[in-house]
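Enquirer: Let me begin by handing over the structure; questions about it come next.
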Amino acid sequence: LTFTRASADDLWLHARDVPGAHIVIPTAEGLPSEEDVFWAASVAAYYSRARHDTSVEVDVTVKKYVRAIKGATPGLVTYRNETTLRVAPEEPEED
Numbered sequence: 024l025t026f027t028r029a030s031a032d033d034l035w036l037h038a039r040d041v042p043g044a045h046i047v048i049p050t051a052e053g054l055p056s057e058e059d060v061f062w063a064a065s066v067a068a069y070y071s072r073a074r075h076d077t078s079v080e081v082d083v084t085v086k087k088y089v090r091a092i093k094g095a096t097p098g099l100v101t102y103r104n105e106t107t108l109r110v111a112p113e114e115p116e117e118d
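In my numbering, the protein residues as written are 24 to 118.
Structure follows, in C-alpha cells:
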C-alpha cells in the first residue's frame, strides 16, 4: 500500500518501535483534521503489538519520507521528518 497506492504527499502513520500495521491518509482533497490524524494514530496503535498498552507512541510523516530497506523483510522501512503522537489504542468500528 505504501509504495504501490499512496501518493507522495499522503500522511503515513505507524506505531513507534513495535511491529504493526501502517495507516495511510490520502491528502488529494486536502489535509485531514487534527482529530482525524489522532483517530488514525489510535487505529495504528490498535493494530500494533502494543495494542494492550494504555498509551502508544505513533509516528506520523509524509509518505515521500518513507523508504523501503533494501534486502530487508518486506514491510521494514526507514522514515524521517516524523512527528510523534501519544495515543490510546482504539479498535475501529465496523461499518
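Heads up, the beta-carbon is just placed ideally off N, CA and C, and yes, glycines get one too.
Because the structure is a prediction, the values reported are computed rather than measured.
How about residue 89 and residue 25: do their beta carbons lie closer than 7 Å?
Expert: yes
Enquirer: Whole angstroms is fine: what's the gap from residue 92's alpha carbon to residue 59's?
Expert: Each residue's Cα considered, the two are about 29 Å apart.
Enquirer: Please report the residue range of the beta strand (DSSP E) in which residue 85 lies.
Expert: 79 to 85
Enquirer: Would you check if there are 3 or more beta carbon pairs closer than 8 Å linking the segment 93 to 103 to the segment 57 to 74?
Expert: Touching, no, given that fewer than three Cβ pairs across the two stretches are closer than 8 Å.
Enquirer: Are the Cβ atoms of residue 79 and residue 73 separated by less than 7 Å?
Expert: yes
Enquirer: Just reading off the alpha helix (DSSP H) that residue 64 is part of, what are its end residues?
Expert: 57 to 69
Enquirer: Going by DSSP, what residues sit across from residue 75 in a beta bridge?
Expert: Checking the DSSP bridge columns, you'll see residue 75 has no partner listed.
Enquirer: Should residue 46 and residue 36 be called a contact, given that it needs their Cβ atoms to be closer than 7 Å?
Expert: yes
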